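Protein sequence lines, in the order shown, are assigned to chains A and B.
In terms of UniProt numbering, the first sequence is residues 1 to 278.
In terms of UniProt numbering, the second sequence is residues 1 to 427.
Ideal Cβ positions, reconstructed from N, Cα and C, are used throughout, including at glycine.
Since the structure is predicted, the reported quantities are computational estimates derived from the model, not experimental observations.
What follows is one structure encoded as structure tokens, with my remarks underneath.
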Amino acid sequence: MLPIFKTLTVSALLLSAAAAMAAETRTADDIVRQARDRDDGKSFMSQVSLILLDKQGNSRIREFSYLQKDYPDSDKFTMYFSAPSDVRDVAFHIENPHEVLGREDSQWMYLPVSRQTRRISTTDKRGAFMGSDYSYADLDKIRAEDYRQTLVGEEQLLGRDCYVIEREPATPAVLAKTGYNKLKVWIDKKNSLVLRQDFFDVKGVMFKQMRTLKTETIDQIDSITLSETEDFIAGTRSQLRFNQLQYNVALDDRLFTQTAIKRGLKAGDLPEYAVSAR
Amino acid sequence: MARLGLNRGLLPALLSLGSPLAIAEWLPEHHEAEIGVATAVRLHGDDRGTQKAVYLKFSLEDAWDSGYYKAKGRARYDFRYDGNNPYSDEARDDYRATADWRHLYWGHYVGDGELTVGWQQVVWGRADELRVLDQINPLDYREGVIGLLEDSRIAVPMIRLVQPVAEWELEGLVITDFVKNKAPAVGSEFDAPIFATPDPRMFVVDSRPGYDGRSGFGYGASANGRIGAVDVSFVALNARQQDPVYAVEGLSGEGLIRLERQFPRYSMGGAGVAIDAGHSIVVRSEVAYFDNWRVTNPYRAYGSDQTAMTKSLLGVDYLLRDWLISTQWQQQRLLDWKPGMVQDKRDDLFTVSAEGSQFQDRLKTRLVFGMSPPARDDSFVQGIFTYKPVDWLKLGLEVDVFFGKPERQFGAYANRDQMRLSAGYLF
């Protein structure tokens, strides 16, 4: 073989391998972006049960109203806890700017014991959400640019075909914010729902797993209605059960301000929930 | 027989009223209660028990289309103040049985806003257990000076209107009756020099003007919202001072200085800001200006001293996983300070606190260090732990340790370090 031909052949092989790798990377990014941008309505509301299960399986249930509305520059969330008594009237308001804007979230919490609304820094999202195994980072909308992601395979989960993607923090700041050194995510090929997520620490040990236990199609939108997170170190589990989930409901803008969480929800603030309570 | 017949009818009726089913029918939409026992012991000295109490706390709420009501109360009977105890008669009367409403009010929706009428607690500002803008409710100091504000605020009768306007919330309120701070009874566990009344060997307090009705009212307004990424609050208040001021009225026939105990009227304006500075840090600041502030000065020939006063606070909150760590510096300044005033020209207070929850929120912890410099003269350390092993049981532990000189606000309790224990059944 002529040396020049040999060189060209090697170059062509290298180029095609690089192109294949680039295509694979792009594909993983695309899949994650698609999961981020999937249709979840212009607004939604739900009565949510947060179920905390200890090592022995004893459960405690916390109930809250979960409201979300899309705005041109951000998604806004408000959560009002109603039970049990020790969390009654605790409320959160979160403003999550669209990822392309590159801005951090804003978050406020109202604690009825102190009768104050306090701004909370969102740089550290490793804390437990209301004592559960979900961290504040777990409740964030999926962010594509915070991670370097690789498509590592395809698997079936809950009878659904899924992409399996490994994600590593793109910057030390993302690692500091979430505490996750690596994520492994199973994303449903058809509806882009995250069906499972494994969380790894700096030693590469999987210490937590979030799994979808139930999905339903509501108002033509595929939705997770029961999710569970297990902390393998603590031996505890938590579940989020979305009851009476409704999309594209008319929610007033005044429910999505940091001053609203102090007033709480009152009669007539929300449209009637659909009768089809689950 | 008629009486007997009545009793025969009444008894089943009363029994049925007392049955769980009948009680459930009478209870409002939301109801909860806690019944428990509480004890406190001094960490050193003789006769250490300072509290042996049973208590009841309850909360009732109901709502309808146009409004709602909220009622929250507590009652306590302390057996430590029965029989033999080292406290004064006044302390026994004051502490043996206590009860108060934490709030009791009715609300009516007015458009997007609401009108509330009744005994309420209103908290202005974002300070952690310090009071710069938070001036509306007086405080109950009968359990000392480092009790949580949520337990120490006294509800005051008021009419309050709150109206949201876009990202802002506007508020106007009228306090319909004057309520003062409650000092510990003389000769009680928490009596201290900072609560001292004029020495009867030198002074006679022979005049106490009433502050009922129109002369006791107060009024205020606030606006809370955002300017860009900064949370902003503005407040204004006209009310009466909540601690007594003793105005000199001349000499009595016995040659003692005659004083009048007053609660003078003042005006206050203030503002507060909070901003997320990144790196898990929120910076807070509050400034308040008090006009026509009155201060006792026993060296005056007549009346009391008048001065302007400022209170300011700088706070930094750092969020570290499940812990919120706050450091605060509060400064109070009398701008027209004069010799003889019983209030210092400048008073600084530093606090560092860490608040967090563990074990799926079963354990809540609050640790505080506070001091008025120099720390060796006036400081305290406090630890509050609340543990709920199950939803119906709440266990509490609080340890308060003080350091400093007896004439200072925290140092005064240096020989009365305490540990408090409680167990409550929730239903």
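- For residue 279 (chain B), the chain A residues whose Cβ falls inside 8 angstroms of its Cβ are 121, 123, in order along the chain.
- Taking 8 angstroms as the CB threshold, residue 130 (chain A) lines the interface with chain B.
- Shown in chain order are the members of the segment 245 to 259 of chain A whose Cβ falls below 9 angstroms from a Cβ of chain B: 252, 253, 254, 257, 258, 259.
- Per DSSP, the beta bridge partners of residue 323 (chain B) are B:320, B:356.
- For the segment 161 to 173 of chain B, the beta-carbon criterion of a distance under 8 angstroms to any beta-carbon of chain A is satisfied by 162, 164, 166, 167, 168, 169.
- Scanning chain A for C-beta atoms nearer than 8 angstroms to the C-beta of residue 357 (chain B) yields 128, 131, reported in chain order.
- By the criterion of a C-beta distance shorter than 8 angstroms, residue 254 (chain A) is surrounded in its chain by 260, once the five residues flanking it on both sides are discounted.
- One finds nothing in chain A with a Cβ atom closer than 7 angstroms to the Cβ of residue 270 (chain B); even the nearest lies about 15 angstroms away.
- Here the alpha carbon of residue 156 (chain B) sits roughly 28 angstroms from the alpha carbon of residue 315 (chain B).
- In this structure, the straight-line span from the alpha carbon of residue 131 (chain A) to that of residue 203 (chain B) is close to 57 angstroms.
- Residues of chain A with a Cβ closer than 8 angstroms to the Cβ of residue 123 (chain B) are, in chain order, 114, 115, 116.
- Sequence-distant partners of residue 252 (chain B) (beyond 5 residues in either direction) whose C-beta falls short of 6 angstroms from its own C-beta, in its chain, are 204, 258.
- Distances from the CA of residue 212 (chain A) to each of A:204, A:206, A:203, A:222 were compared; the closest alpha carbon is that of A:222.
- Annotation for residue 75 (chain A): the continuous beta strand (DSSP E) segment containing it runs 74 to 83.
- Flagged as an interface residue toward chain A: residue 150 (chain B), by a C-beta distance shorter than 8 angstroms.
- For residue 266 (chain A), at least one C-beta of chain B is nearer than 8 angstroms to its own C-beta.
- For residue 69 (chain A), the closest of A:85, A:53, A:268, A:94 by C-alpha to C-alpha distance is A:94.
- For residue 90 (chain B), the enclosing alpha helix (DSSP H) starts and ends at 89 to 95.
- As the crow flies, the alpha-carbon of residue 217 (chain B) is around 52 angstroms from that of residue 40 (chain A).
- In the displayed model, residue 194 (chain B) falls within a helix according to three-state DSSP.
- Taking a Cβ-Cβ cut-off of 9 angstroms, the neighbours of residue 64 (chain B) in chain A comprise 267, given in sequence order.
- Using a Cβ-Cβ cut-off of 8 angstroms, residue 52 (chain A) counts as an interface residue toward chain B, since at least one Cβ of chain B sits closer than that to its own.
- Contact annotation: residue 309 (chain B) and residue 333 (chain B) have beta-carbon atoms nearer than 8 angstroms.
- In this structure, residue 194 (chain A) lies near residue 142 (chain A), with their beta-carbon atoms less than 8 angstroms apart.
- With respect to the 8 angstroms criterion, residue 105 (chain B) and residue 69 (chain B) are classified as neighbours on the basis of their beta carbons.
- Contact annotation: residue 225 (chain B) and residue 286 (chain B) have beta-carbon atoms that are not nearer than 8 angstroms.
- The DSSP-derived three-state label of residue 244 (chain B) is coil.
- CA-to-CA, the gap between residue 182 (chain A) and residue 43 (chain A) works out to about 31 angstroms.
- Chain A places a beta carbon closer than 8 angstroms to that of residue 109 (chain B), counting this residue as a contact.
- Among the CB atoms of chain B, one or more fall inside 8 angstroms of the CB of residue 106 (chain A).
- Contact check for residue 221 (chain B) against residue 239 (chain B) fails: the beta carbons are separated by 8 angstroms or more.
- Using a CB distance below 8 angstroms, no part of the segment 205 to 235 of chain A faces chain B.
- Contacts between residue 112 (chain B) and chain A, judged by CB atoms closer than 7 angstroms, involve 254 in chain order.
- In the structure shown, residue 125 (chain A) falls within a coil segment according to DSSP collapsed to helix, strand and coil.
- Residues of chain B whose Cβ lies closer than 8 angstroms to the Cβ of residue 85 (chain A) are, in chain order, 32, 59, 426.
- When secondary structure is reduced to three states using DSSP, residue 45 (chain A) falls in the strand class.
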